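**Student:**
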Amino acid sequence: MERFLYIGQYTEGTTSKMRADTLKQQLQPAIFSVIDIHVPFYKTPKFFRSLGFRYKKGPLIKRVNNYILGLLGTDTYDMIWVDKGVYISSKTTRILRTKTPKLIHFTPDPAFTFHQSPLFFKSLPNYDFVITTKSYELDAYRKACTTNKVLYATQGFDRQLHQPSKEPFSEKDGFVFIGHHEREREAILELLLKHQVKITLAGIKWQTFAKRHQTNPLLNYLGEGVYGDQYVRAIQKGKIAWGAISKWVAELHTTRTFEIPACGTALLTERNTETQLFFKDDEVIFYSNPDELVSQVKFFMHNDNALEELTKKGSAVVYQQGYDYASIFSKLLQTLLD
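Okay, so the sequence shown: first residue is 143 according to my numbering, each after it adds one.
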């Protein structure tokens, strides 16, 4: 491939950049160009960012599209890859379509059940392929565009970043959760604290919870977010990390489903049709309800040998079964380049 253009977030530590860098490694184009939409995003005042995120309208939308078109110029590309194109108008995607024989859209997010971007829906006919990680949205995608355009891939992890610690297993301590606040998640963490489980927490909207427990030595709140190496280190330090699945949408797995085992820490995950396809009972810690979750956590926190064995098996699965971005994208590109 001679010329490739990536349009999406390209900030260090984001999964978007991980995908872009994986594509660069896989395709090895002579020219790899990036239009980083985080540039106009963060130059937009916070109020208008929030307006654009919620309603997909306002100055943010205009800035993002003008930024893309301003950098596009007269060049053409063998492939243009749009990552999370919820702010990109159909006018812009029509122009992109004239610049390449292969216009691809990828999103790891719920497009129909959460974001519901009218801009994205109007752009769907302009893409040659659309790729989703949400199996529960496949029917919606197929109704919105021809079936042969829709591809499914699991979430994944970055082999270069998400790796086990070289420190001994005996150095691990406590329970880790990194993710946004939901009421159901708060109830679980309250239960664990009552059962004297040491928790490391990071994520948005947890300030009230953290303040309520600010004198509790069992809670270590790292703030609204940890990224890149800090994110990996936080997971590596824990005995168990929770790959919580959102109740806001019909989620069945997340990036953490694979990132946590890849970092050499035991994955705690709900038992469902997808997680049971990925793992066996002796490879991760499954639960079906809050009581079972607490019971499982308490058991493994006090049984290091069993936990270490389970952790090793779970880590081996994600590496051997190809849940890393390089393996996932290699399979996708076979179809995209056919």
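Cβ atoms here follow ideal geometry from the backbone N, Cα and C, with glycine treated the same way. Predicted, not measured: the structure shown is a model, and the values here were computed from it.
CB Ile173 to CB Ile210, shorter than 8 Å?
**Tutor:** Result no, Cβ atoms of Ile173 and Ile210 do not sit closer than 8 Å.
**Student:** If I follow the unbroken alpha helix (DSSP H) through Thr417, where does it start and stop?
**Tutor:** Where Thr417 is concerned, the enclosing alpha helix (DSSP H) stretches over Thr417 to Phe420.
**Student:** If you scan the segment 240–264 from start to end, which runs of the beta strand (DSSP E) of 3 or more residues do you find wholly inside it?
**Tutor:** If we require 3 residues or more, the beta strand (DSSP E) runs fully inside the segment 240–264 come out as 245–249.
**Student:** In the structure shown, what three-state DSSP assignment does Ile377 receive?
**Tutor:** In this structure, Ile377 counts as helix in the three-state DSSP scheme.
**Student:** How is the alpha helix (DSSP H) around Ala282 delimited, first residue to last?
**Tutor:** That run of the alpha helix (DSSP H) goes Leu280 to Ala286.
**Student:** Pull up the DSSP beta-bridge partners for Tyr219, would you.
**Tutor:** In DSSP, Tyr219 forms no bridge with anything.
**Student:** Specify, as a first and last residue, the run of the alpha helix (DSSP H) that Ile341 falls within.
**Tutor:** Per DSSP, Ile341 belongs to no alpha helix (DSSP H); it is in the beta strand (DSSP E), Ile341 to Ala344.
**Student:** Are the CB atoms of Gly385 and Thr396 within a distance shorter than 8 Å?
**Tutor:** Going by C-beta atoms, Thr396 is nearer than 8 Å to Gly385.
**Student:** Assuming Asp225 and Arg301 form a contact by the criterion Cβ under 8 Å, report the distance between their Cβ atoms to the nearest whole angstrom.
**Tutor:** About 19 Å separates the two Cβ atoms, so there is no contact after all.
**Student:** Nearest-angstrom Cα distance between Thr417 and Val181?
**Tutor:** Going from the Cα of Thr417 to the Cα of Val181 covers about 36 Å.
**Student:** How is the beta strand (DSSP E) around Asp300 delimited, first residue to last?
**Tutor:** It is not in any beta strand (DSSP E) - Asp300 carries neither H nor E in the DSSP assignment.
**Student:** Restricting to Cα atoms, I'd like to know which of Phe319, Leu266 and Thr242 is closest to Leu214.
**Tutor:** Among Phe319, Leu266 and Thr242, the Cα nearest to that of Leu214 is on Thr242.
**Student:** DSSP three-state call for Ala392: helix, strand or coil?
**Tutor:** Three-state DSSP puts Ala392 in coil, outside helix and strand.
**Student:** Assuming Phe311 is part of the beta strand (DSSP E), what are its boundary residues?
**Tutor:** That residue, Phe311, is in no beta strand (DSSP E); it is neither H nor E in DSSP.
**Student:** Can you grab the Cα-Cα spacing for the pair Gln462 / Phe400, in whole Å?
**Tutor:** Distance between the alpha carbons of Gln462 and Phe400 is about 12 Å.
**Student:** Please name the residue or residues paired with Arg145 in a DSSP beta bridge.
**Tutor:** According to DSSP, Arg145 bridges with Ile173.
**Student:** Quick one: Cα of Ser158 to Cα of Phe311, how far?
**Tutor:** Going from the Cα of Ser158 to the Cα of Phe311 covers about 31 Å.
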